[in-house]
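Scroll down for the structure; my scribbles are underneath it.
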Amino acid sequence: MQIQVVKSKIHRVRVTGADLNYIGSITIDEDLLDAANLIRGEKVQIVNNNNGERLETYVIPGPRGSGELTLNGAAARKVAIGDILIVIAYAWMNIEQAREFNPALVFPNEETNLLN
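Residue numbering for the sequence shown follows the numbering used here, beginning at 21 and increasing consecutively.
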């Protein structure tokens, strides 16, 4: 049997941009992507702590050390600059693997989105 478990999580990161006219996705500082073990194009769930919205999109890397976190395309309507989000990715694995697996949990500075 396979179950879906949390693989990666960026906890309490601040929205720095919302670009309605971009094709789609979420742009995240590449340092955060590396720390969270996320890759370009990976599907993520976005949870907005400010308004309760939840959505799914895919990741594109932003400039390293920039603290960028921009929602693009239609997702831009689900956030306001300054909102606090949680970004989560999941993985399928068997129960034995899941019991031993340790997800990448990242807690950036809430004001700058940079790693401490």
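Beta carbons: idealized from backbone N, C-alpha and C, even for Gly.
Nothing here was measured: the structure is a model prediction, and the numbers come from that model.
Buried or exposed: which applies to residue i, given that a residue is buried once 16 or more other Cβ atoms fall within 10 Å of its Cβ?
{"i": "G82", "result": "buried"}
{"i": "G87", "result": "buried"}
{"i": "A38", "result": "buried"}
{"i": "A136", "result": "The residue asked about is misnamed: residue 136 is Asn in this sequence, not Ala. By the 10 Å Cβ count, N136 comes out exposed."}
{"i": "L134", "result": "exposed"}
Which same chain residues end up closer than 8 Å to residue i when comparing Cβ atoms and leaving out the 5 residues on each side of it in sequence?
{"i": "N69", "result": "R32, D103, I104, L105, I106"}
{"i": "I46", "result": "V64, I66, T77, Y78, V79, I80, L89, T90, L91, N92, A95, V107"}
Three-state secondary structure (DSSP) at residue i?
{"i": "G82", "result": "strand"}
{"i": "E130", "result": "coil"}
{"i": "E88", "result": "coil"}
{"i": "I101", "result": "coil"}
{"i": "E73", "result": "coil"}
Taking the alpha-carbon of residue i as reference, which of the options has the nearest alpha-carbon?
{"i": "K29", "options": "I48, Q22, L40, G44", "result": "I48"}
{"i": "A109", "options": "I101, P123, P128, Y42", "result": "P123"}
{"i": "N71", "options": "N129, A100, L53", "result": "A100"}
{"i": "E130", "options": "L40, V35, E62", "result": "V35"}
Starting from the C-beta of residue i, find all residues in its chain whose C-beta is less than 7 Å away, skip the five residues before and the five after it, and write them out in chain order.
{"i": "L75", "result": "I66, A95, K98"}
{"i": "R60", "result": "V79, I80, P81"}
{"i": "V26", "result": "I108, Y110, P123"}
With a CB to CB cut of under 6 Å and the five nearest residues on each side skipped, what residues in its chain are close to residue i?
{"i": "W112", "result": "Q22, Q24"}
{"i": "E50", "result": "P81, R84"}
Taking only runs that begin and end inside the region 21 to 70, name each unbroken alpha helix (DSSP H) of 4 or more residues, in chain order. 50 to 55
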